[in-house]
Amino acid sequence: MAAPIAVIDFETTGMAPAQGARATEVAIVLMEGEQVVDRFDSLMRTGVTIPPFIEQLTGISNAMLATAPPAEAVMREAARFVGSAPMVAHNAAFDSKFWQSELQHAGLAAPQPFACTVLLSRRVFPDAPSHSLGRITDHLGLPRTGRAHRALADAEMAAALLARMQRELCQRFGVPWPDHALLMQLQRCARQSIGKLLDRLSTGAAHTS
Numbered sequence: 041m042a043a044p045i046a047v048i049d050f051e052t053t054g055m056a057p058a059q060g061a062r063a064t065e066v067a068i069v070l071m072e073g074e075q076v077v078d079r080f081d082s083l084m085r086t087g088v089t090i091p092p093f094i095e096q097l098t099g100i101s102n103a104m105l106a107t108a109p110p111a112e113a114v115m116r117e118a119a120r121f122v123g124s125a126p127m128v129a130h131n132a133a134f135d136s137k138f139w140q141s142e143l144q145h146a147g148l149a150a151p152q153p154f155a156c157t158v159l160l161s162r163r164v165f166p167d168a169p170s171h172s173l174g175r176i177t178d179h180l181g182l183p184r185t186g187r188a189h190r191a192l193a194d195a196e197m198a199a200a201l202l203a204r205m206q207r208e209l210c211q212r213f214g215v216p217w218p219d220h221a222l223l224m225q226l227q228r229c230a231r232q233s234i235g236k237l238l239d240r241l242s243t244g245a246a247h248t249s
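Number 249 marks the last residue of the sequence shown (the working numbering); no jumps.
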């Protein structure tokens with residue numbers, strides 16, 4: 041059985057915690073291989089006002105957040121849900137900063153490594169016309185799971201994209217199901233060197249089988 045991987049998405053009031061932005065919604069999809077085994081999602085109240093253009097983009101209003109649970113309580117529950125599972129996000133540079141920042145507000149550490157489905161899709165599907173979540177999802181014929189820019193819909197699409205890339209790597213290169221450590225290795229690998237890396241892994245797997 042494949043080790044669990046937690047695919048996460050945040051909706052936020054802005055682009056970066058360093059600029060005062062806070063999360064408004066978090067969703068996590070727990071994957072084992074190609075299977076979704078559990079889901080977590082919640083709005084979260086931080087007291088930071090959502091700008092009108094963000095409200096229009098996400099559909100999350102300040103009125104909705106007024107009755108949402110406090111962010112610190114949501115993040116403690118999210119941390120328990122994730123446990124020790126490594127993490128994946130579409131544009132992980134964005135989501136990892138909010139994961140770290142919101143956990144810090146809750147007095148918790150954020151040790152998990154993040155793999156990025158944007159970086160991976162650029163390497164696995166270099167000819168795709170776009171690597172934005174919606175467009176790569178449509179390009180690969182994966183299902184749209186709900187309204188874009190809502191955390192659970194985006195996390196589920198990112199999870200489906202992750203599984204599709206893992207399956208593609210198995211079929212194309214004959215490697216075992218790629219674990220999180222290999223995904224981290226691949227996203228740092230130059231695009232033209234991926235074949236050589238996976239050929240070595242495939243050859244090693246054949247010699248030990």
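Quick reminder that beta carbons are idealized off the backbone N, C-alpha and C, glycines included.
Just so you know, these numbers come straight off a predicted model, no measurement behind them.
Residue burial annotation: S161 is buried, with at least 16 other C-beta atoms found within 10 angstroms of its C-beta. Under DSSP, V128 forms a beta bridge with V47 and A155.
Assignment of M55 by DSSP, reduced to helix, strand and coil, places it in the coil class. In this structure, D81 keeps its C-beta atom at 7 Å or more from the C-beta atom of A198.
By the Cβ neighbour-count rule, M41 is exposed, with fewer than 16 other Cβ atoms within 10 Å of its own. In this structure P153 is exposed. Its beta-carbon is surrounded by fewer than 16 other beta-carbon atoms within 10 angstroms. By the Cβ rule, the region 144-159 counts as touching the region 222-236, because three or more pairs are nearer than 8 Å. Secondary structure in the region 188-219: no beta strand (DSSP E) run of 3 residues or longer lies completely within the stretch.
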